[in-house]
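Undergrad:
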């Protein structure tokens with residue numbers, strides 16, 4: 001029986017937009033076990049981004065409880081949330097968000113800087129993380145010298161380098177062609193196999209099919225939540 | 001994230017836009033450069049004035065006799081002897097703020113040695129004169145009290161006179177000099193004192209005992225002094241008090257009613273020195289305020305460019321926050337960047353300032369004095385400019401919302 005990593009209980013997130021109140025999330029409850037690969041789907045405006053922000057400790061819920069890795073994080077201060085993001089979470093963004101004019105190695109080291117890891121250890125772990133995504137030969141390359149798929153793999157290495165419990169990927173294949181998308185999805189599937197939990201936000205069913213669980217969000221509520229046997233991205237890549 | 005890493009990130013951000021960073025620091029460079037140059041020149045000019053007045057004598061007052069007034073035609077000061085030897089004694093002994101006082105009776109005389117002759121000013125005075133004027137002997141001895149009492153025919157020469165009569169390498173001590181028909185024996189040569197601020201050569205002078213002067217050079221006026229009194233106050237702070245007390249004492253001794261003008265005058269040398277110093281101080285203040293304005297403008301420039309930098313790097317800030325940077329990390333990072341800009345400007349400014357000071361000092365022949373405290377002050381000042389003007393942009397950066405910052409285009 002795997003341990004519970006994420007526990008959302010009746011999470012609400014309201015925004016004031018002028019006189020009206022926008023209910024971006026309206027009572028979402030969700031439990032994610034360790035090692036799961038979850039795809040969160042929904043059309044734009046469904047609240048999936050807000051859910052992602054809350055899961056990523058970038059935002060705090062208006063109401064409800066969020067327990068992450070056994071710790072209640074819904075009422076933490078900004079500084080405490082930063083520390084949770086640093087130690088427990090890893091982020092992968094649609095637009096990669098690598099620091100420009102900075103080598104792949106240094107980009108991957110950034111989260112370790114905020115942990116106060118010493119320089120030699122930082123180098124070692126960053127090289128290790130880049131090796132895991134198959135970029136051990138691109139350490140000194142700046143982002144503008146790398147292809148889109150390579151940049152996203154650097155970003156994944158950056159998410160992995162802190163040995164997080166949960167990786168949050170926000171439309172990670174949105175800027176990639178279908179072949180590199182498959183490569184990236186294959187990496188996520190392998191992470192899941194290694195016991196790292198991955199939550200993927202996407203609106204593409206083609207991408208979501210690689211996850212082992214699909215949560216559909218609409219109008220701030222969970223509409224469906226089903227587990228299934230995921231397709232192997234490697235196998236699909238092999239066919240094409 | 002430790003200080004060194006923060007500094008590295010800051011340096012990288014600054015060096016990414018080299019020209020922009022340089023232009024930003026230009027205000028600080030000019031401001032600090034102006035402060036350093038002005039302080040160095042101001043201190044040099046002050047030192048020069050002080051040296052000139054120290055040569056004249058320290059804490060010096062000169063009491064001059066009053067003017068003659070015959071049939072309404074008033075002569076200048078000194079045209080009539082109004083000061084007496086008793087006045088001198090009274091000034092010397094009765095006023096606590098007076099340290100020493102010496103008479104100076106002066107006339108132009110022709111000095112004749114065995115080989116040469118030279119016309120110079122001969123002063124009849126007392127040993128105190130050399131103390132009041134802060135004027136030690138270079139060789140031989142000064143006049144002594146027994147010389148005054150006995151009216152001996154001894155003479156102390158100024159450096160210029162010694163050179164003129166005995167050559168630059170000659171030894172005047174023990175030689176005989178005639179003034180008219182009176183032979184004087186040279187007992188001492190005073191150290192070279194240089195020129196007064198008005199260009200008069202202090203060293204073109206000879207000194208003999210006052211009693212001998214009155215006896216042999218210029219007929220005595222009995223109790224009246226045919227000359228002036230040099231007074232040294234006990235300290236620089238006491239000069240004004242001494243001047244007041246001497247005035248009161250002499251008015252009393254001369255039985256002047258409150259309606260009468262003084263029949264003497266007192267020249268306050270420290271007042272003249274003070275006026276000069278005030279001139280240079282005013283100049284320094286003026287330029288310092290220009291420098292302060294320049295530093296202010298420089299600070300605003302830094303704030304401006306830091307605000308631009310925060311806006312440009314909004315996504316980077318959002319990313320760093322998502323990866324675990326706390327608001328304090330972001331605040332520190334931008335503050336260090338502003339501080340580095342300001343300090344770099346300060347360091348360059350110090351170099352520029354020293355260069356300008358050196359060039360001006362060389363051009364105008366001023367001494368250049370660089371006080372280390374001014375440099376320390378400039379560094380601290382530019383650092384505080386960096387902190388003060390960097391704080392707002394840094395706070396703005398640290399308070400960004402990571403979600404909005406990440407989405408910023």
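Protein chains in written order, with the numbering used here: chain A, 1 to 240; chain B, 1 to 409.
Even for Gly, the Cβ is constructed at its ideal location relative to N, Cα and C.
Bear in mind that the values here come from a model prediction, so they are computed numbers and not experimental data.
Taking CB distances under 8 Å as the criterion, tell me whether residue 113 of chain A reaches chain B.
TA: Here the question's residue 113 of chain A lines up with position 113 in the first chain. Yes, because at least one Cβ of chain B sits closer than 8 Å to the Cβ of residue 113 of chain A.
Undergrad: At the level of alpha carbons, what is the spacing between residue 56 of chain A and residue 330 of chain B?
TA: The residue given as residue 56 of chain A occupies position 56 in the first chain. The residue given as residue 330 of chain B occupies position 330 in the second chain. So the alpha carbons of these two residues sit roughly 19 Å apart.
Undergrad: Which residue's Cα is closest to the Cα of residue 150 of chain B: B:126, B:169 and B:29?
TA: Along the second chain, read from residue 1 onward, the residue named residue 150 of chain B stands at position 150. Measuring from the Cα of residue 150 of chain B, the nearest candidate turns out to be B:126.
Undergrad: Give the interface partners of residue 91 of chain A over in chain B, defined as CB-CB distance under 8 Å, in chain order.
TA: Locating residue 91 of chain A in the first chain gives position 91, counting from the first residue. Under the 8 Å cutoff, chain B gives 322 and 323.
Undergrad: Using only CA atoms, which one of B:352, B:353 and B:321 lies nearest to residue 405 of chain B?
TA: Indexing the second chain from 1 puts residue 405 of chain B at position 405. Ranking the options by Cα distance to residue 405 of chain B, first place goes to B:321.
Undergrad: Which class does residue 62 of chain B belong to by DSSP, given the choice of helix, strand or coil?
TA: As a working note, residue 62 of chain B is residue 62 in the second chain. In this structure, residue 62 of chain B counts as strand in the three-state DSSP scheme.
Undergrad: Short of 8 Å Cβ to Cβ, which residues in the stretch 74–88 of chain A face chain B?
TA: For the stretch 74–88 of chain A, residues whose beta-carbon sits nearer than 8 Å to a beta-carbon of chain B comprise 78, 79, 82, 83, 85, 86 and 87.
Undergrad: Is there a C-beta anywhere in chain A that falls below 8 Å from the one on residue 319 of chain B?
TA: On the second chain, residue 319 of chain B is found 319 positions in, with the first residue counted as 1. Yes, residue 319 of chain B counts as interfacial toward chain A.
Undergrad: I'd like the list of long-range same chain contacts for residue 148 of chain A, defined as Cβ closer than 7 Å, with 5 residues on each side in sequence excluded.
TA: Taking the first residue of the first chain as position 1, residue 148 of chain A is located at position 148. Excluding residues within five positions, the ones whose Cβ falls inside 7 Å are 175, 176 and 180.
Undergrad: Strictly below 8 Å CB to CB, what residues from chain B border residue 53 of chain A?
TA: Walking along the first chain from the start, residue 53 of chain A turns up at place 53. Those within 8 Å of residue 53 of chain A in chain B are 403.
Undergrad: Closer than 8 Å between beta carbons: that is the criterion. Which residues of the stretch 302–316 of chain B meet it against chain A?
TA: 315 and 316
Undergrad: Could you spell out where the alpha helix (DSSP H) holding residue 88 of chain A opens and where it closes?
TA: Here residue 88 of chain A corresponds to residue number 88 of the first chain, with the count starting at 1. Element bounds for residue 88 of chain A: 78–88.
Undergrad: Given a cut-off of 8 Å, decide if residue 176 of chain B and residue 183 of chain B are closer than it, judged by their beta-carbon atoms.
TA: For the purposes of this step, residue 183 of chain B is taken as the residue at position 183 of the second chain. For the purposes of this step, residue 176 of chain B is taken as the residue at position 176 of the second chain. In contact: residue 183 of chain B and residue 176 of chain B (Cβ atoms closer than 8 Å).
Undergrad: As a quick exercise: from B:50, B:317, B:19 and B:30, pick the residue whose alpha carbon is nearest that of residue 275 of chain B.
TA: Position 275 of the second chain, counting from 1, holds the residue named residue 275 of chain B. Residue B:50 is the option with its Cα nearest to residue 275 of chain B.
Undergrad: Could you tell me which chain B residues have their CB closer than 7 Å to the CB of residue 144 of chain A, listed as they occur along the chain?
TA: Mapped onto the first chain, residue 144 of chain A falls at position 144. Neighbours of residue 144 of chain A on chain B: none; closest Cβ ~14 Å, over 7 Å.
Undergrad: Does the beta carbon of residue 58 of chain A sit closer than 8 Å to a beta carbon anywhere in chain B?
TA: Translated into the one-based positions of the first chain, residue 58 of chain A becomes position 58. Yes, contact with chain B.
Undergrad: Report the rounded CA-to-CA distance for residue 92 of chain A versus residue 163 of chain A, giving the unit in angstroms.
TA: As a first step, residue 92 of chain A must be located in the first chain, where it is residue number 92. As a first step, residue 163 of chain A must be located in the first chain, where it is residue number 163. Note on geometry: alpha-carbon atoms of residue 92 of chain A and residue 163 of chain A lie some 14 Å from one another.
Undergrad: For residue 227 of chain A, does the count of other Cβ atoms within 10 angstroms reach 16, so buried, or fall short, so exposed?
TA: As a first step, residue 227 of chain A is located in the first chain; it is residue number 227 there, counting from the start. Exposed.
Undergrad: Tell me whether residue 345 of chain B is buried or exposed, calling it buried when 16 or more other Cβ atoms sit within 10 Å of its Cβ.
TA: Residue 345 of chain B sits at position 345 when you count from the first residue of the second chain. Its Cβ being crowded by 16 or more others within 10 Å, residue 345 of chain B is buried.
Undergrad: Looking at residue 10 of chain B: is its Cβ nearer than 8 Å to the Cβ of residue 317 of chain B?
TA: As a position in the second chain, residue 10 of chain B is number 10, starting the count at 1. As a position in the second chain, residue 317 of chain B is number 317, starting the count at 1. Contact: no.
Undergrad: I need the boundaries of the beta strand (DSSP E) containing residue 177 of chain B, first residue and last residue.
TA: By 1-based counting over the second chain, the position of residue 177 of chain B is 177. From DSSP, the beta strand (DSSP E) with residue 177 of chain B extends over 176–179.
Undergrad: Under 8 Å: do the stretch 88–97 of chain B and the stretch 219–234 of chain B share three or more Cβ pairs, one atom per stretch?
TA: yes
Undergrad: Where DSSP assigns a beta bridge to residue 230 of chain B, which residues make up the other side?
TA: Within the second chain, numbered from 1, the residue matching residue 230 of chain B stands at position 230. The partner list for residue 230 of chain B (beta bridge, DSSP) reads B:62 and B:102.
Undergrad: Tell me which same chain residues have a C-beta within less than 8 Å of the C-beta of residue 33 of chain A, skipping the five on either side of it?
TA: Taking the first residue of the first chain as position 1, residue 33 of chain A is located at position 33. If we look at residue 33 of chain A and ignore the five residues flanking it on each side, its Cβ neighbours are 2, 3, 4, 5 and 197.
Undergrad: Taking the continuous alpha helix (DSSP H) assigned at residue 314 of chain B, which residues delimit it?
TA: Translated into the one-based positions of the second chain, residue 314 of chain B becomes position 314. Boundaries of the alpha helix (DSSP H) harbouring residue 314 of chain B: 314–322, taken from the DSSP string.
Undergrad: Mind reading off the beta-carbon distance from residue 210 of chain B to residue 179 of chain B? Whole number of angstroms is fine, and I expect it under 8 Å.
TA: Here residue 210 of chain B refers to the residue found at position 210 of the second chain. Here residue 179 of chain B refers to the residue found at position 179 of the second chain. Going by Cβ atoms, the distance from residue 210 of chain B to residue 179 of chain B rounds to 15 Å, so no, they are not a contact pair.
Undergrad: Under a Cβ-count criterion, where at least 16 other Cβ atoms within 10 Å of its own Cβ denotes burial, should residue 18 of chain A be classed as buried or exposed?
TA: The residue given as residue 18 of chain A occupies position 18 in the first chain. Exposed: under 16 other Cβ atoms inside 10 Å.
Undergrad: Quick one: what does DSSP say residue 306 of chain B is sitting in, helix, strand or coil?
TA: For the purposes of this step, residue 306 of chain B is taken as residue 306 along the second chain, with counting starting at 1. Helix.
Undergrad: Between which residues of its own chain and residue 140 of chain A is the CB-CB distance below 8 Å, once the five residues before and five after are set aside?
TA: To locate residue 140 of chain A, count along the first chain from 1; it is residue 140. Around residue 140 of chain A: 103, 104 and 105.
Undergrad: Where does residue 145 of chain A sit, in a helix, a strand or coil, going by DSSP?
TA: Within the first chain, numbered from 1, the residue matching residue 145 of chain A stands at position 145. Residue 145 of chain A falls in the helix class under three-state DSSP.
Undergrad: Could you tell me which residues DSSP puts in a beta bridge with residue 118 of chain B?
TA: Within the second chain, residue 118 of chain B is the residue found at index 118, counting from 1. Answer is B:111, bridged to residue 118 of chain B.
Undergrad: Report the rounded CA-to-CA distance for residue 196 of chain B versus residue 338 of chain B, giving the unit in angstroms.
TA: By 1-based counting over the second chain, the position of residue 196 of chain B is 196. By 1-based counting over the second chain, the position of residue 338 of chain B is 338. Whole-angstrom Cα-Cα distance: 51 Å.
Undergrad: Measuring CB to CB, does residue 79 of chain A end up less than 8 Å from residue 396 of chain B?
TA: The sequence position of residue 79 of chain A within the first chain is 79, counting from 1. The sequence position of residue 396 of chain B within the second chain is 396, counting from 1. Contact: no.
Undergrad: Would the stretch 109–116 of chain B and the stretch 134–147 of chain B be scored as touching if the rule is three or more Cβ pairs under 8 Å?
TA: no
Undergrad: Going by C-alpha to C-alpha distance, which of B:262, B:219 and B:238 sits closest to residue 413 of chain B?
TA: No answer is possible for residue 413 of chain B: the residues shown for chain B start at 1 and end at 409.
Undergrad: Can you give the beta carbon distance from residue 246 of chain B to residue 95 of chain B, rounded, assuming they're within the 8 Å contact cut?
TA: Here residue 246 of chain B corresponds to residue number 246 of the second chain, with the count starting at 1. Here residue 95 of chain B corresponds to residue number 95 of the second chain, with the count starting at 1. About 6 Å; that satisfies the 8 Å criterion.
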